[in-house]
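Numbering-wise (this note's numbering), the sequence shown opens with residue 638 and increments by one. Don't be surprised by glycine CBs; every beta carbon is placed ideally from N, CA and C.
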Amino acid sequence: MDKKIKIALVFGTRPEAIKMCPLVKKLKENEIFQVFTIVTAQHRQMLDSVLELFDVVPDFDLNLMKPNQNLWELSSDILLKTKEIFEEQKFDLILVHGDTTTASFSALSAFYSRTKIGHVEAGLRTFDKNYPFPEEINRVIVDSISDLMFCPTEKSIQNIKNSGIKKGMYKTGNTVIDALLYVVNNKPANLDFIGLNNNLKTILLTSHRRENFGEPLRNICFAIKKLIEKNKDIEIVYPMHLNPNVRNTVIPILENIERVKLIEPLDYAPFCTLMQKSHIILTDSGGIQEEAPALGKPVLVLREETERPEAIEYGGVKLVGTNTEKIVNTIQELLDNKNEYERMSKSVNPYGDGHACEYIENIIVEYFRC
Ligand code: UD1
Ligand code: UDP
638 MDKKIKIALV
648 FGTRPEAIKM
658 CPLVKKLKEN
668 EIFQVFTIVT
678 AQHRQMLDSV
688 LELFDVVPDF
698 DLNLMKPNQN
708 LWELSSDILL
718 KTKEIFEEQK
728 FDLILVHGDT
738 TTASFSALSA
748 FYSRTKIGHV
758 EAGLRTFDKN
768 YPFPEEINRV
778 IVDSISDLMF
788 CPTEKSIQNI
798 KNSGIKKGMY
808 KTGNTVIDAL
818 LYVVNNKPAN
828 LDFIGLNNNL
838 KTILLTSHRR
848 ENFGEPLRNI
858 CFAIKKLIEK
868 NKDIEIVYPM
878 HLNPNVRNTV
888 IPILENIERV
898 KLIEPLDYAP
908 FCTLMQKSHI
918 ILTDSGGIQE
928 EAPALGKPVL
938 VLREETERPE
948 AIEYGGVKLV
958 GTNTEKIVNT
968 IQELLDNKNE
978 YERMSKSVNP
988 YGDGHACEYI
998 ENIIVEYFRC
């Protein structure tokens, strides 16, 4: 091939960066590609820490994050700012990731510029437009205008087929497993600064979803208080997302409680080490639902629905929702019932073999060769 294939990878939040940086690096190794990294910086600090870890320096940084930003303004900023770059650079392919505002509005912008689109982590669905909000609709938008869809599992391919799209889907696994294995094998982190007590069982908590703001998140915090009162042998570690909607709810309920550690968001390497050290993980995060089964850690999902049902089917993940009693009872069972704990921690990882980036690279090469 004489002319290089000009590819842009666009991302903006922490999870997109974790899942796209390994792909940036993989594509850059192949000389037939000219690779550009565009960050919207929908997140700022939480994005930068991932870029630094993977040693990725963006070619374009739109620097869009505003404190307590809203969907309308962020969406229009992404459309207008990416337009300038897309119209000038004329990429052969624009890759976006997952279900964020960055993904949906960069993809729309690429579509308006009549550029081919590749969707990494395509085909995830709950089929409920309000859960997760607005991510479910973002995924539908991106898949409906993509030329290439890199699906983590067979189920995600089937979801797209069921929507009437007939071609462009490939099963690749999720690049999060590539990222996780790279970090676990190459970047072990020291957690001394957290001050974990080795005599206690660590329960790791994260929660940041929009649909959990307000009462659901309060219910989660009350469950934590009850569990701490009932079990003197556990500690809870909550690296809090920087979104003020999370902090303003969590801090007044959980600050200054013995054995509850409210900490700043962790860089990805220490976070992986913390997942490995944890006994149970309690989360509404998407990415953590994929990583924890690969580390053999039971996960209880603080949501009513999930677009990642595979690990539930394999037994490593349970949906608990946000009802205080249900959370308390489910965790208590896992703490008390050794067999149930063993069963959940021995489940398999359905999200990939750690070579998703290589599969995606090969599919792109084949696509442009034809
Ligand atoms: C976004 C994604 C969500 C994803 C999450 C990952 C959308 C609609 N939502 O939600 O799908 O699960 O990221 O974390 O795209 N903030 C900082 N510094 C940071 C990051 C965030 O201060 O590095 C604060 C800012 O006040 C910002 C706010 O958090 O305005 C919200 O960020 P935003 O990206 O709009 O929403 P998330 O809840 O992070
Ligand atoms: N993560 C991290 N530090 C933290 C919390 C999470 O590095 O303090 C990582 C986690 O391992 C996963 C990703 O961030 O890879 C998930 O991001 P988040 O939960 O913000 O978003 P989601 O996956 O729900 O979109």
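Beta-carbon gap between residue i and residue j smaller than 7 Å
i	j	result
Thr809	Ala993	yes
Ser743	Ile774	no
Met702	Gln679	yes
Leu699	Thr674	no
Val693	Val661	yes
Pro881	Asn707	no
Ser793	Leu761	yes
Ser713	Thr738	no
Arg945	Gln926	yes
Lys1024	Val813	One cannot answer for residue 1024 here, as it falls past the ends of the chain, which runs 638 to 1007.
His916	Lys838	yes
Lys641	Gln671	yes
Cys658	Phe691	yes
Lys665	Asp729	no
Lys918	Lys898	One point to set straight first is that residue 918 is Ile, not Lys, in the sequence displayed. No, these two residues do not count as a Cβ contact at 7 Å.
Glu848	Tyr768	yes
Ile871	Ile831	no
Exposure of residue i, with buried meaning 16 or more beta-carbon neighbours within 10 Å
i	result
Ser844	buried
Ile1001	buried
Asp921	buried
Ile888	exposed
Pro789	buried
Cys1007	exposed
Phe764	exposed
Gly805	buried
Ile900	exposed
Leu717	exposed
Arg751	exposed
Gly801	exposed
Glu928	buried
Phe748	buried
Asn799	exposed
Glu653	buried
Asn986	buried
Glu772	buried
Glu710	exposed
Asn796	buried
Among the options, nearest to residue i - alpha-carbon criterion
i	options	result
Gly924	Lys662, Asp815 and Phe742	Asp815
Asn868	Glu927, Leu971, Thr650 and Phe748	Leu971
Lys663	Ser800, Gly952, Gln969 and Gly991	Gly991
Ile722	Asn767, Arg651, Leu646 and Ala759	Leu646
Ala860	Tyr951, Ile918, Phe770 and Val965	Val965
Phe648	Ala740, Leu690 and Glu724	Ala740
Arg651	Asn885, Leu879 and Leu937	Leu879
Met786	Lys766, Asn811, Ile831 and Glu772	Asn811
Phe850	Asn667, Val821, Ile865 and Asn885	Asn885
Leu939	Tyr951, Arg776, Ala948 and Leu956	Leu956
Leu842	Lys914, Leu817 and Asn822	Lys914
Asn822	Tyr988, Lys975 and Ala906	Ala906
Glu947	Ile997, Pro771, Glu977 and Gly989	Gly989
Val936	Tyr819, Tyr978, Ile831 and Asp973	Tyr978
Asp685	Asp904, Ile778, Asn836 and Val954	Asp904
Ile997	Ala759, Pro902, Gly952 and Tyr951	Ala759
Glu791	Thr967, Tyr807 and Ile778	Tyr807
Arg846	Leu817, Glu941 and Val820	Glu941
Thr943	Lys766, Glu995 and Arg681	Lys766
C-beta neighbour in chain B for residue i, strict 7 Å
i	result
Phe859	Absent here is chain B; the protein component of the structure consists of one chain.
Residue i beta carbon near the ligand SAH (any heavy atom closer than 6 Å)
i	result
Gln706	You won't find the ligand SAH in this model; what it holds is the ligand UD1 and the ligand UDP.
Is the segment 754-766 in contact with the segment 726-738, if contact means three or more CB pairs nearer than 8 Å?
-> yes
Decide if the segment 976-984 is in contact with the segment 872-880; the criterion is three or more beta carbon pairs, one per stretch, under 8 Å apart.
-> no
Determine contact between the segment 952-964 and the segment 842-856, defined as no fewer than three beta-carbon pairs at a distance below 8 Å.
-> yes
If we count Cβ pairs, one from each stretch, closer than 8 Å, do we get three or more for the segment 884-895 versus the segment 778-795?
-> no
Touch check for the segment 894-911 and the segment 824-831: three-plus C-beta pairs under 8 Å?
-> yes
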